[in-house]
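Numbers 1 to 488, taken from full-length UniProt numbering, label the letters of the sequence shown in order. Backbone N, C-alpha and C fix where the C-beta goes; we use that ideal spot for every residue, glycine too. Notes follow the structure.
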Amino acid sequence: MTSINNPVAFLKAMLPRIPLIVKTILLHGIGMSSVAGKQDLRTEMTVAIIRSFMDFRRPLRKQQIASMREPGIQGPIWVSKVTLPQPEDDIQDAVIKAIEALNVGGETFDIPGVGPVEAEWTGYRKGVDKKAPQPEISEEEKYKELRKEASADSVILYFHGGAYFMMDPCTHRVPVAQFSKYTGAPVLSVRYRLAPEHPFPSALVDALVAYLSLIHPPPGSLHDPISANKIILAGDSAGGNLSLVLLQTLLTLRRVSPTIRFHGQEVPIDLPAGLATSSPWCDITRSMPSVAKNAYLDYLKPPSQAPETIYRPIPIPEDDLWPRDPPRVDLYCNASATAHPLVSPLAADTSLWKDAPPVFISVGEEGLSDEGLIVARKMRQSGVPVFVEQYEGMPHCFGLLMVSTPAGKRFFSGMTEFMRKAAAGEIGKSPGTGTFVGFKLKDEREIPLDKLVEVSDEDALERLRRSTYWRIEGEKELAKLVQERAKL
């Protein structure tokens, strides 16, 4: 989306949307909106405008560049940019071990390679106005200033959303700084490799590099070692997926290969203090009922293809990023891998979450709500202390989009309270219920996790498997079509 820091570009983007804005205001004002009683005008307007920007008719490279535009650093934010050095290939090998240990049969994936990982240390900067520029000092000096203002001994390891092919740490600085403000902890926000050029498991390899780099800082690092039990994994949407599959990778490696070589040392696989997610993407195929049921409240559009048709990729104009060779139908991974637990956490067997640290999951009444709630239910069945908040009428990642609204403030309050308590080791047993936050925050009530989502574990897994099979067959047909074209 267009940055509001560029008034001219913002105005150009909004002018064509004036009819949409006027229509939304009028329908809401006379009580004829389809979301009446679920969303206030500000929320409905936010959803309508974001939905209007969800356009896949441009080449993928242009979409990606537009979504990663640097907004500049100003206001109450500290940012120190770092590059985590490339470790040995053992990191890649460990991820592959975890993938193979959880294989259900027939999955294929690219060998990702290991490289340096860029990231941003982010913190809340006190006592400055919204236009204050970042001081012209070195990245090391910025980090020192950031650490001075961070009162907690914990660290948040953050993974941004963006469907695994868009966005960047620079696009998430404002909400990430809010996490730092309310917890007192610095945040390491990771610039993981993006699909489709770097498909699964590239992002997972980068995530593991970042996690181990916090605990065992490579030479030249700005930070001192951070104990694993002081690290909170966090992320939104695809970043929520990445934080979940990183945790699942750590849990799996502890069972099959409990140590790993990292920058010349054999180090143990230790678990973080906790994990906190906003609207996590837990089913890459988006096959749960809420995807269509809640579409009227969300800006994420449901898939347009019918299951009885041959599955086809989104019709994106060709460029250097898409389509890929060999052809595949999904941007993020091969079709055969979509039901793997390290691609779609929904697929993880209940027992695989055993011994996980405390987990917090926040969702709206959105397209991805079913999958997040099903994963939460599975975790609780395995004994994981899991805490869930669902917000009536709220769209995907609402808290990060509407930071200053009452719902946004309530979101940050709940998620950061969990982060603080998890890092302090103060999380008790799972209550077995989720908190349902009503429209305009007027009603909060505890609901058993089993009642928050109607889809059974068995039905969810069957939906995911059918959707995966549909993609596999579509990918085969696509490969045939490409071969026939090559012969002409």
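For residue i: DSSP bridge partner residues
i, result
"LEU233", "LEU157 and LEU275"
"ARG261", "GLU266"
"GLU454", "Per DSSP, none; premise fails for GLU454."
"LEU297", "Beta-bridge pairing links LEU297 to no other residue."
"THR435", "GLU389 and GLU446"
Buried/exposed call for residue i, threshold 16 Cβ in 10 Å
i, result
"LYS442", "exposed"
"GLY113", "exposed"
"ASN103", "exposed"
"SER362", "buried"
"GLY474", "buried"
"ILE4", "Per-residue confidence for ILE4 stands at a pLDDT of 49, beneath the threshold of 50, marking its modelled position as unreliable; the derived number appears in the next sentence. It counts as exposed."
"GLN265", "exposed"
"GLY434", "buried"
"PHE53", "exposed"
"ASP224", "exposed"
"GLN305", "exposed"
"ALA486", "exposed"
"ALA339", "buried"
"ASP459", "exposed"
"ILE231", "buried"
"GLU120", "buried"
"PRO133", "exposed"
"MET419", "buried"
"VAL35", "buried"
"LYS480", "exposed"
"LEU478", "buried"
"PHE179", "buried"
"SER404", "exposed"
"LEU26", "exposed"
"PHE56", "exposed"
"LYS38", "buried"
"ARG42", "exposed"
Candidates the options: closest to residue i by CA position
i, options, result
"ALA94", "CYS397, VAL190 and THR249", "THR249"
"LYS144", "LEU222, ARG380, GLY106 and MET32", "LEU222"
"PRO326", "ARG445, ALA13 and VAL482", "VAL482"
"GLN381", "GLN92, GLY372 and SER351", "SER351"
"ARG58", "SER33, ILE314, GLU371 and LEU461", "ILE314"
"ARG466", "GLU120, PRO307, PRO258 and VAL174", "PRO307"
"ASP320", "ALA228, GLU197, PRO357 and ILE447", "GLU197"
"ASP355", "VAL386, TYR332 and ALA347", "VAL386"
"GLY414", "MET166, ILE91, TRP322 and ALA276", "ALA276"
"LEU400", "GLU141, SER237, LEU342 and ARG471", "SER237"
"SER80", "PHE109, GLY123, PRO395 and TYR299", "GLY123"
"ILE65", "PRO135, LEU368, ASP168 and GLY105", "ASP168"
"GLY408", "ARG324, ALA207 and PHE439", "PHE439"
"GLU389", "GLU446, THR405 and MET14", "GLU446"
"ASP90", "CYS397, PRO258, LYS421 and ILE21", "PRO258"
"SER67", "THR171, GLU100, LYS476 and ALA48", "THR171"
"LEU246", "PHE159, HIS216 and THR309", "PHE159"
"LEU15", "MET32, PRO323, ILE49 and THR43", "ILE49"
"LYS429", "VAL453, PRO357, ASP457 and ASP450", "PRO357"
"ARG61", "VAL128, LEU27 and LEU194", "LEU194"
"LYS293", "VAL455, LEU204, SER138 and VAL384", "VAL455"
"ILE73", "GLN63, VAL128, LEU300 and VAL22", "VAL128"
"ALA152", "GLU70, ILE137, THR416 and VAL205", "THR416"
"ALA337", "PRO302, VAL375 and ASP283", "ASP283"
"GLY383", "PRO431, SER344 and LEU212", "PRO431"
"GLU100", "ARG377, MET379, GLU462 and VAL343", "VAL343"
"GLN92", "GLY75, PRO116, GLY105 and GLU107", "PRO116"
"LEU346", "ILE374, PRO323 and ARG324", "ILE374"
Cβ distance (whole Å) where residue i is taken to contact residue j below 8 Å
i, j, result
"ALA234", "SER243", "6 Å"
"residue 498", "GLY393", "Shown here, the chain extends from 1 to 488; a query on residue 498 therefore has no answer."
"GLY240", "PRO201", "No, GLY240 and PRO201 are not in contact; Cβ-Cβ is about 17 Å, not under 8 Å."
"LYS148", "VAL256", "Not confirmed; about 41 Å, so no contact."
"ALA150", "PRO186", "4 Å"
"TYR164", "TYR332", "5 Å"
"PRO19", "PHE262", "Going by Cβ atoms, the distance from PRO19 to PHE262 rounds to 56 Å, so no, they are not a contact pair."
"ILE30", "MET45", "Their Cβ separation, rounded to whole angstroms, is 15 Å, which puts ILE30 and MET45 out of contact at 8 Å."
"PHE10", "TYR182", "Not confirmed; about 28 Å, so no contact."
"VAL359", "TYR391", "Actually they do not touch by this definition, with Cβ atoms about 18 Å apart."
"PRO218", "LEU84", "7 Å"
"ARG312", "VAL291", "The pair is not a contact, with the Cβ atoms about 18 Å apart (cut-off 8 Å)."
Unbroken stretches of the alpha helix (DSSP H), 4 residues or longer, contained in the region 356 to 412: Listed in chain order, they are 369 to 381 and 398 to 401.
Secondary structure, alpha helix (DSSP H): runs of 4+ residues fully inside the region 115 to 166: 139 to 149
Sequence ranges, beta strand (DSSP E) only - wholly within the region 23 to 89, length at least 3: 77 to 84
Inside the region 180 to 237 only - beta strand (DSSP E) runs reaching at least 3 residues: 187 to 191 and 231 to 236
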